[in-house]
Every structure is written in structure tokens, then in C-alpha cells.
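S.K.: Quick note on numbering: the sequence shown equals residues 143 to 617 in my numbering. The beta carbon of each residue, even a glycine, is placed where N, CA and C say it ideally should be. Here it is, the structure, as C-alpha cells.
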Amino acid sequence: MSSSPTTSTAPGTGADWFSPLQPMRPVAPPEVEGRRFDFIPGYNLTTQPRFQEPVDFNALRAFADAYDPLRLIIERRKDQLCRMPWSIRAKHDGPGKRPKVSALPASVRSRIEDISTFLRRPDYDQPFRPWLRQLLEDLLVIDAPTLFCERTFGGQLVGLQPMDGGLIKRVIDEKGRTPRPLPWTGAPFMWSGTEVNRDNFTSLGWKVEGGLIWPPAYQQILKGLPAVDYTARDIYQRPMNPRSHKVYGFSPVEQIVATVNTAMRRQFSQLEYYREGNVPAGLFALPESWTPDQVQRLQDYWDNLFAGNLGKRNQIRFVPGAKGAYTPLHEPPLKSEFDEWLCRVIAFAFSYPATAFIHQVNRATAEQHEEQAEKEGLQPLMQWAADLFNEIVEREFNSNDIEFAWVEEDDIDAEKQASVLTSYVDSGVMSVNEARERIGEEASLDPMASVLAVKTATGRVPISGTAKTDNEKVT
């Protein structure tokens, strides 16, 4: 059916019969267009990070520290990324091989060395790997990794200091987004209902740099009070999992809060079982000939032995029945399928293999799970870190032609790789020197090493020579 306008003039006599009618006219000013989400009025007046969220930063950290498997998985993920080698290199998007460092211009080599030197020790007292572990901790637990930019009086970056992201409250503009810098000539202007001018911009938390005026984008909350204003030039806070209807990120720990809460209570019940002693709660049957008074006197005697210790006193209850029969009230809370299920859910949230927490599996399955989990879990972390470092390289070092890159390890089995390369060389798919380059060896000076050749019973025959012989036979 067509949705073209009807030519009927009488309402309700054509296609508009019992129609949905026209929508109500918008009441908001045109400037509201593009607002990211429906935030509460006066959002920036709050002094508590994540004040609208059911779980705050402190609770997320408590969950991550209290449950052992969760903490172990977090530390393992940090280990995996921090052991990865990295490099600063020139960008190469065109065809052909990446040029060697020696072939780059001297100015590019100098900038590569300067950036590499900076990232090897981005903070004054910390090398790269311990520094990165702090970022990953806040990324995986609260999704608020934060770096403070230490600068000279001239504005040059000299250090990136990790900060507690749980103390940083985000400030939003009228669109519900992180405030952006504005070109400023000194003329007064309105921002979120307040006039900003030469006399008050400093007291309002604004900073002027290079013809731009930077509004406050973050506030550090200390002792429950807003202590310091930071602009987007002072702080790098890059959550990995932002959402359009939220101001803060959504960490893997927050995604499994209910599961971790259940697992913690399960762990506490197991601890309590072993802490109670070697006499678990149960019923002890006495001979049937005993009278109720005799049973009560024995119970009183037993309870008096543990006077003042209600936990011990209430463990054994004497009842009439078969002589000497002991019946536990509940089974020992040892490891069960439910414990494995909890560990599976937690490991899945971090894309980490749950092999260490479940029943044994065969080697092939374990290796497959390990490889799949590394691709699904480690690769996103590598991409997040590379994006952050490349943003720093571009903004702070004015180097759009240089990038940070992880040097991924080659997990190919050496024997399998040798067999594949030998097959390629013998069949004329690649030359000997191309195979040597694959394994990191220098090219051979022998001219035959750069020629595509086929291995025969009488030796190696160049492809060009083989083709000529075939043509002669056809002729």
C-alpha cells in the first residue's frame, strides 16, 4: 500500500480514519538537538562519582579483591598484556613492505626514538609495565583508567601519572557529552547558564591554551568534596566499554556483580564449614529405651560443655532412635558443579579459559580454548591500549605519521613452519631468500637463492628453464 498524502478534505473520511494523528509539537528549544541522554537537571552539582549507579567504584573494587578466582583472572590478564613486546614505528598504509628504520628520514627516526624513550618510562618512578598494570587494573575493575598529564610551564608533556579513576567525577555539557575546547578571543559567552569572561574563567575551572579555552571536564573528589577541576587536556580517561545512556563505563566486574556476590557467599560458607571444627552439625540417635528426661539431661550436659560457644553447642542434637547412628544435617560444601559454573561465568566475562577451574579436559581441547580465549580477550585489550597510546602520540608529539604497535608473537610450530616453507620452495612458490626472510635470516648472496625453482630428481631447475624445455617439446 502507498503512504502518499490523501486528497480527501474531510478528516476521518479517507486513509486518516482512526489515524495515529500528528505528534505533539516539541517543547524544547532547537539548541537541545543532539542531547546524548536524558540526564537530571543540575547533574554537574553532584559530588559523588557514579551517584546514579547501583554499584559504586568502591564496591566494584571490593568484589574484585574478595573472590579469589576473579582476582586471579584479572592478574592473569594483566600478565598476558604486559609481557607483550611493543614498538614505535612509522605508519605504513601503502603497498609493499614496511621500510626499515635505517631508510626513514633522520627527523622521523629522531621522533621515533624520543617517543620510545618517553614510553619506556612514562612516569618518573615507573617503567612501562608496572605503569600499564595500574591502567589495566582500573580498566578491568571499574572501567575508569585515568592518566594525569604532567607538563612543563610551556605546556610540553613530561609524564603520564596514573590516578585513581574512582575519585574522578565526569562533567558533562548541555549535550550530555565531555566538554570540548572552544576558540576564544576574550569575549564573554554563556555556558550552562553561566557567563564566562576574562575575570571569572579561572575561578570557574577554565584554562586558556593556544587560542582555545578549555572547560572543566573532570573533577577530583577528595574527602567527599570537589577538590580540583581538570580539563580534557589535563587528564586522559578512556573507558573501554562506554554506553550512550551512561556517563561511566561498564567494566567486566560490573557485568557479573550478581554472580560474584553469589560466589563470595558460597566461598564464605565453605570457609565456615572448615572453621567450625571437626564436628559438623548433625543428629545423634540414642537407644530407643531412653526416656525423654534422659535425652534432655544428656543434651543439657553436652550444651554445658560448650557454654558460651553457641556455634559449637548447637551442632549436635540428641534424638531417640537407633543406637549410635549419626546423621549430618547437610553435606559438606565441597567443590561441586555449581562452583565450576560460577567460575565459567566469571572467566567468560573476561574471555579467559576456565580450564584451571573445571574438570580435566584433553590437551587438544585445552589448547583450543586457550587460543580462542586469547584472541577474544587479549586482542581487545591490545587494541584499546594501542588506541590510547596512538592518541597520545598524535596529540602530544604532533606525529600523525608515527604509531604505537604491539609486536605479536608467532605461535606457529617450528617443525610445521619448516615443512610448509620447504614445500613452497621445492614447488617453486617462493624462493630460498623469501623463505629465509620469513624466518628472520639474512638473504643469501648466491644468485640461485633468489630464483624460483622446482626440485627434481637431478637437482633444482628454475621455472623459466622448465617452461622453455616444455615449449621445445611441444614444438
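Residues bridged to residue 331 by DSSP?
M.R.: Beta-bridge pairing links residue 331 to 338.
S.K.: Can you check whether the CB of residue 305 is closer than 8 Å to the CB of residue 288?
M.R.: It is a contact, given that the beta carbons lie within the stated cut-off.
S.K.: Under 7 Å Cβ to Cβ from residue 253, same chain only, skipping five residues before and after it: list those, please.
M.R.: These residues qualify, in order along the chain: 539, 541, 544.
S.K.: In three-state DSSP terms, what is residue 440?
M.R.: If DSSP states are grouped into helix, strand and coil, residue 440 belongs with the helices.
S.K.: Pull the bridge partners of residue 358 from the DSSP assignment, please.
M.R.: Looking at the DSSP assignment, residue 358 forms a beta bridge with 373.
S.K.: Across the region 350 to 358 and the region 326 to 334, are there enough close Cβ pairs to call them in contact, namely three or more that are closer than 8 Å?
M.R.: With the cut-off at 8 Å, the region 350 to 358 and the region 326 to 334 touch.
S.K.: State the start and end residues of the unbroken beta strand (DSSP E) segment that holds residue 288.
M.R.: Where residue 288 is concerned, the enclosing beta strand (DSSP E) stretches over 288 to 293.
S.K.: Work out the CA separation of residue 226 and residue 364 for me, nearest whole Å.
M.R.: Looking at the two C-alpha atoms, the distance is approximately 36 Å.
S.K.: Decide if residue 233 is buried, meaning its Cβ has at least 16 other Cβ atoms within 10 Å, or exposed.
M.R.: When all chains shown are included, residue 233 counts as exposed.
S.K.: Report the rounded CA-to-CA distance for residue 242 versus residue 261, giving the unit in angstroms.
M.R.: Going by the C-alpha atoms only, they are around 21 Å apart.
S.K.: How should residue 312 be labelled, buried or exposed, when 16 other C-beta atoms within 10 angstroms of its C-beta is the threshold for buried?
M.R.: Buried: at least 16 other Cβ atoms inside 10 Å.
S.K.: CA-CA distance, residue 277 and residue 379?
M.R.: Those two C-alpha atoms are separated by around 10 Å.
S.K.: Using 10 angstroms around the beta-carbon of residue 174, count the other beta-carbons present and answer buried if the total reaches 16, otherwise exposed.
M.R.: Counting Cβ neighbours within 10 Å, residue 174 comes out exposed, since fewer than 16 surround it.
S.K.: Any chance you could list the alpha helix (DSSP H) runs of at least 4 consecutive residues sitting entirely within the region 248 to 283, in chain order?
M.R.: For the region 248 to 283, whole alpha helix (DSSP H) runs of length 4 or above, ordered along the chain, are 248 to 262, 270 to 283.
S.K.: May I ask which residues mark the beginning and end of the beta strand (DSSP E) holding residue 229?
M.R.: 228 to 232 is the span of the beta strand (DSSP E), which, as asked, contains residue 229.
S.K.: Residue 285: buried (16+ other C-beta within 10 angstroms of its C-beta) or exposed?
M.R.: When all chains shown are included, residue 285 counts as buried.
S.K.: Buried or exposed for residue 205, going by 16 or more other Cβ atoms inside 10 Å?
M.R.: By the 10 Å Cβ count, residue 205 comes out buried.
S.K.: Take residue 375 and list the residues in its own chain whose beta-carbon comes closer than 6 Å to its own, dropping the five residues that flank it on each side.
M.R.: Closer than 6 Å at the Cβ level, and outside the excluded window around residue 375, lie 356.
S.K.: By Cβ distance below 8 Å, which residues in the same chain neighbour residue 608 in space, the five residues on each side in sequence not counted?
M.R.: Legend: pLDDT at residue 608 = 48, less than 50; position of this residue unreliable, value from coordinates given subsequently. Answer for residue 608: 596, listed in chain order.
S.K.: Under 6 Å Cβ to Cβ from residue 240, same chain only, skipping five residues before and after it: list those, please.
M.R.: Here the set comprises 234.
S.K.: Counting only the same chain and skipping the five closest in sequence on each side, list residues whose C-beta sits under 7 Å from that of residue 603.
M.R.: Cβ within range, chain order: 595, 596.
S.K.: Just tell me which of 373, 166, 482 has its CA closest to the CA of residue 292.
M.R.: With distances taken between Cα atoms, residue 292 lies closest to 373.
S.K.: Please name the residue, chosen from 283, 271, 256, 279, that lies closest to residue 299 on a Cα-to-Cα basis.
M.R.: With distances taken between Cα atoms, residue 299 lies closest to 256.
S.K.: Just mark residue 184 as buried or exposed, buried being the case when its beta carbon has 16 or more other beta carbons within 10 Å.
M.R.: Looking at its Cβ environment, which holds fewer than 16 other Cβ atoms inside 10 Å, residue 184 is exposed.
S.K.: Name the two residues that bound the continuous beta strand (DSSP E) containing residue 305.
M.R.: That run of the beta strand (DSSP E) goes 299 to 305.
S.K.: Is the beta carbon of residue 189 closer than 8 Å to that of residue 367?
M.R.: Taking 8 Å as the Cβ cut-off, residue 367 and residue 189 qualify as a contacting pair.
S.K.: Nearest-angstrom Cα distance between residue 396 and residue 485?
M.R.: Spanning the two alpha carbons is a distance of roughly 16 Å.
S.K.: Kindly indicate which three-state DSSP category residue 614 falls into: helix, strand or coil?
M.R.: Caution applies to residue 614, whose pLDDT of 43 falls short of 50 and renders its modelled position unreliable; the value that the coordinates give is listed next. Three-state DSSP puts residue 614 in a helix.
S.K.: Under 8 Å by Cβ, that's how I've got residue 263 and residue 224 pegged, so tell me the actual separation to the nearest angstrom.
M.R.: About 15 Å separates the two Cβ atoms, so there is no contact after all.
S.K.: Grouping DSSP H, G and I as helix and E and B as strand, with all else coil, what is residue 432?
M.R.: It is coil, neither helix nor strand.
S.K.: If you count every other CB in all the chains shown that lies within 10 Å of the CB of residue 219, and 16 or more means buried, which is it?
M.R.: With 16 or more Cβ atoms within 10 Å of its Cβ, residue 219 is classed as buried.
S.K.: Between which residues of its own chain and residue 202 is the CB-CB distance below 7 Å, once the five residues before and five after are set aside?
M.R.: Result list for residue 202: 283, 284, 393, 395, 396, in chain order.
S.K.: Can residue 500 and residue 518 be called in contact, C-beta distance under 8 Å?
M.R.: The answer is no: Cβ separation not under 8 Å.
S.K.: By Cβ distance, which residues of its chain are closer than 6 Å to residue 598, with the 5 residues on each side in sequence left out?
M.R.: There are no such residues.
S.K.: For the beta strand (DSSP E) that residue 596 lies in, which residues bound it at each end?
M.R.: It spans 595 to 598 - the beta strand (DSSP E) in which residue 596 sits, taken as one unbroken run.
S.K.: Considering only DSSP beta bridges, list what residue 349 is partnered with.
M.R.: Answer is 356, bridged to residue 349.
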